[in-house]
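The block underneath contains the structure these notes are about, expressed in structure tokens.
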Amino acid sequence: SSQASGSVFAEGWLKRVYEEKPVPVRTRFPPEPNGFLHIGHAKAIAVNFGFAKHHNGICFLRYDDTNPAKEEEIYFTAIQDMVRWLGFEPYQITYSSDHFDRLYELAEELIRRDKGYVCHCSRDEINLQRGGKDNKGPRFACGHRDRPIDESLEEFRAMRDGKYKPGEAHLRMKQSLTDLNEGNPQMWDLAAYRIVEKNHHHRTGDRWRIYPTYDFTHCLCDSFEEISHSLCTTEFFLSRKSYDWLLEVLDFKVPNSEEKGPMQREYGRLNVAGTILSKRRIQMLVDGTTVEVKGPDGSTTTKTIPPTVRGWDDPRLYTLVAIRRRGVPAEALLNFVRELGVTDALTNIQITRFEATVRKYLERSVPRLMLVLDPIPVVIEDLPEDYDEELAVPFDPKKPDGESRLVPLTRTVYIDRSDFREEDSPEFFRLAPGKAVGLLNVPFSIKATSFTKGDDGRVNEIRAVKVESNEKPKAFIHWVSSKGNNVIARRYNTLFNSEEPNALDWKEGGWADDLNPDSEVVHREAVVEPGIDLLMKGHAKHPNLASDDLVRFQAVRTGYFCIDPESEEGVPVLNQIVTLKEDSGK
Ligand code: ATP
Ligand code: MG
Ligand code: MG
13 SSQASGSVFA
23 EGWLKRVYEE
33 KPVPVRTRFP
43 PEPNGFLHIG
53 HAKAIAVNFG
63 FAKHHNGICF
73 LRYDDTNPAK
83 EEEIYFTAIQ
93 DMVRWLGFEP
103 YQITYSSDHF
113 DRLYELAEEL
123 IRRDKGYVCH
133 CSRDEINLQR
143 GGKDNKGPRF
153 ACGHRDRPID
163 ESLEEFRAMR
173 DGKYKPGEAH
183 LRMKQSLTDL
193 NEGNPQMWDL
203 AAYRIVEKNH
213 HHRTGDRWRI
223 YPTYDFTHCL
233 CDSFEEISHS
243 LCTTEFFLSR
253 KSYDWLLEVL
263 DFKVPNSEEK
273 GPMQREYGRL
283 NVAGTILSKR
293 RIQMLVDGTT
303 VEVKGPDGST
313 TTKTIPPTVR
323 GWDDPRLYTL
333 VAIRRRGVPA
343 EALLNFVREL
353 GVTDALTNIQ
363 ITRFEATVRK
373 YLERSVPRLM
383 LVLDPIPVVI
393 EDLPEDYDEE
403 LAVPFDPKKP
413 DGESRLVPLT
423 RTVYIDRSDF
433 REEDSPEFFR
443 LAPGKAVGLL
453 NVPFSIKATS
463 FTKGDDGRVN
473 EIRAVKVESN
483 EKPKAFIHWV
493 SSKGNNVIAR
503 RYNTLFNSEE
513 PNALDWKEGG
523 WADDLNPDSE
533 VVHREAVVEP
543 GIDLLMKGHA
553 KHPNLASDDL
563 VRFQAVRTGY
573 FCIDPESEEG
583 VPVLNQIVTL
593 KEDSGK
């Protein structure tokens, strides 16, 4: 199926992009190494690598590392890990910073061609030149725009050599600021180079005080790497003109032609409703935060909000590290992107749709086991104390001849609290006093005879007997023998009660009042059948999941789970990947 649906990279929008420029395909995925990748980036990775792969082309992983103030070493490693996790191998890993010398030379060349000038205007002055508030006013040039070429060159070198402080000078492109017919604000003399305060760069050290902007860097790096199709998201649509302009004035591209140089085209972002993807917001969830809250009388108080999640890879988040930790197979995530297709429209998707794709994928690819989240012991009185049988049960009920495990049966078994009722009723088909129920995979049914309660008022033991009848029970429940393994199972729900957490008040910390107290439900006493040991040794693994170390299974009647990489005091931890059905588990 991945083969057939892989053609999404040759259909529709991407087909048209290729037809516009049918040349050997060279693309790049260009993240800024200033944070962890999220579910939206999976689309960017799939589009760039998938399009190249379909056309037997190549795709670079390019770190767009032009802002040393925001970049950190850990993100470089994390980004590569995620690209590889998704099954792609970059043709080459490159860095915008590899090209700092060449970019600097081209900036000087831009000035020499009278297409760049050093400007000393403040942010406010520049806004005014661009028509002021809402860009409604007249546009005009500042005095620096017409300064002699030599003076700009000298000032640019002075910027480089430390004569100015941040904000005191920057290099601007001499685009169409003064052309009153040019309605595209991305052509109003954008900045090309600026002085950066926190300027220590992880790769070039203290060599540079000035750094090139996105608008200057991106198109040129695309040219250096001979990118054929530069695919980005639609927010960059207006930037396309500036992209082409710079390449044309520096002779990397021919006006109104795609005969040389890269071609930028824009696809729609992937937004998943209800997810928090903003770095700043996730940081607040990870670290906790202190906010200033304004009272109605104008007074300010401080509010401290403790951490909400365990880290950037907490399974409730939608960073790629979190999605992986939750147990979602990479191939299921790619299926999700493929199913949505690629167009130039924004794709706004409900999280339930993502979960449905994951569920569908897991249904075909993981073994089944019995897991009891909230166990109550049931003593089957007519079995002897030392009863100890083993039932051979296939991991996949649809493949009776496939690999199986031995399921021990003992006199005491555990069933889930939700499968027992103290009082029977006609519409209830599971275990209750006087009522018979089947135990999955067991050749006889059982009937409850009595139960006892603990000091907390909760049922703590059920007594039962075998039912000798040829009649098939109305329902079967899952169970685990006393030889089962204790595990800690974590189930996840949405982090917020609101369906639009991004619309909450993030400034004054109002989001904290909307946190869902049940976003993580932990079952510390859960028991799973010993067959899990076989899975941990690599048994019953679907070939599609072979590249991945995680152990996943369907807990029958309960949900899909994986084993978390970290245990708690020697007890394995399970993460629920998704529920069994769309509306269960809330
Ligand atoms: P964010 O601010 O959310 O991290 P970004 O645009 O700053 O997003 P980059 O690291 O610059 O992230 O992005 C790398 C590539 O991924 C860019 O080409 C960008 O357009 C693309 N991308 C980012 N977010 C999405 C998304 N939600 N859907 C599709 N592509 C995306
Ligand atoms: Mg980013
Ligand atoms: Mg960015």
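Start counting the sequence shown at 13; every next residue gets the next number (the working numbering).
All residues carry an ideal CB built from backbone N, CA and C; glycine is no exception.
Bear in mind that the values here come from a model prediction, so they are computed numbers and not experimental data.
Coil, strand or helix - residue i by DSSP
{"i": "T364", "result": "helix"}
{"i": "M382", "result": "coil"}
{"i": "F21", "result": "helix"}
{"i": "I161", "result": "helix"}
{"i": "A404", "result": "strand"}
{"i": "N498", "result": "strand"}
{"i": "E578", "result": "coil"}
{"i": "R475", "result": "strand"}
{"i": "S13", "result": "Annotation note: pLDDT 35 at S13 (below 50); position unreliable, coordinate value reported separately. Three-state result, S13: coil."}
{"i": "Q198", "result": "helix"}
{"i": "S311", "result": "coil"}
{"i": "G597", "result": "Model confidence at G597 stands at a pLDDT of 49, short of 50, so the residue's coordinates are unreliable; what they give is reported in the following sentence. Residue state, collapsed to three classes: coil."}
{"i": "E31", "result": "helix"}
{"i": "R417", "result": "strand"}
{"i": "T39", "result": "strand"}
{"i": "S559", "result": "coil"}
{"i": "P513", "result": "helix"}
{"i": "A448", "result": "strand"}
{"i": "V370", "result": "helix"}
{"i": "N587", "result": "strand"}
{"i": "V333", "result": "helix"}
{"i": "R564", "result": "strand"}
{"i": "G155", "result": "helix"}
{"i": "L527", "result": "strand"}
{"i": "G571", "result": "strand"}
Where the beta strand (DSSP E) through residue i begins and ends
{"i": "D136", "result": "Run containing D136: none in the beta strand (DSSP E); it sits in the alpha helix (DSSP H), R135 to Q141."}
{"i": "M185", "result": "H182 to M185"}
{"i": "Y399", "result": "Careful: Y399 lies outside any beta strand (DSSP E) and carries neither H nor E."}
{"i": "F463", "result": "S457 to K465"}
{"i": "R206", "result": "A203 to I207"}
{"i": "G323", "result": "Looking at the DSSP string, G323 is not in any beta strand (DSSP E), and its letter there is neither H nor E."}
{"i": "G149", "result": "No beta strand (DSSP E) contains G149, which DSSP labels as neither H nor E."}
{"i": "H241", "result": "H241 to T245"}
{"i": "E129", "result": "The amino acid occupying residue 129 in the given sequence is Tyr; Glu does not appear at that position. Looking at the DSSP string, the run of the beta strand (DSSP E) that includes Y129 is G128 to C131."}
{"i": "V454", "result": "Premise fails: V454 is in no beta strand (DSSP E) and is neither H nor E."}
Which residues DSSP lists as bridging residue i, in chain order
{"i": "H53", "result": "Paired residue(s): none; H53 is not in a bridge."}
{"i": "W491", "result": "I427"}
{"i": "V340", "result": "Partner(s): none; V340 has no beta bridge."}
{"i": "Y504", "result": "E532"}
{"i": "F432", "result": "L443"}
{"i": "V305", "result": "T313"}
{"i": "V284", "result": "I361"}
{"i": "R74", "result": "T106"}
Candidates the options: closest to residue i by CA position
{"i": "E541", "options": "S481, V425 and L557", "result": "V425"}
{"i": "D110", "options": "T320, H213 and L547", "result": "H213"}
{"i": "K372", "options": "E594, P584 and F432", "result": "E594"}
{"i": "R96", "options": "R206, R114, L73 and E117", "result": "L73"}
{"i": "G339", "options": "F348, P327, E375 and S416", "result": "P327"}
{"i": "T225", "options": "E31, A56 and I207", "result": "I207"}
{"i": "Y107", "options": "F236, V20, P455 and A153", "result": "F236"}
{"i": "Q566", "options": "A558, Y176 and H554", "result": "H554"}
{"i": "G149", "options": "H156, L140, T216 and L403", "result": "L140"}
{"i": "F508", "options": "E532, A487, K495 and T461", "result": "E532"}
{"i": "T190", "options": "N556, D201, R470 and I392", "result": "D201"}
{"i": "V405", "options": "V454, H53, V29 and E271", "result": "V454"}
{"i": "L562", "options": "L421, A501 and P341", "result": "P341"}
{"i": "F48", "options": "A285, D158 and R293", "result": "R293"}
{"i": "K20", "options": "H67, V35, A203 and V590", "result": "Sequence inspection shows Val at residue 20; the Lys mentioned does not correspond to that position. Closest by alpha carbon: H67."}
{"i": "S164", "options": "D126, K549 and G174", "result": "D126"}
Run of the alpha helix (DSSP H) containing residue i, from where it starts to where it stops
{"i": "Q295", "result": "K291 to D299"}
{"i": "E278", "result": "Per DSSP, E278 belongs to no alpha helix (DSSP H); it is in the beta strand (DSSP E), M275 to Y279."}
{"i": "R124", "result": "F112 to R124"}
{"i": "F236", "result": "Y226 to F236"}
{"i": "I91", "result": "E85 to W97"}
{"i": "K253", "result": "S251 to V261"}
{"i": "L547", "result": "I544 to M548"}
Neighbour flag for residue i against chain B, beta carbons, 8 Å
{"i": "I388", "result": "The structure shown contains no chain B; it holds only a single protein chain."}
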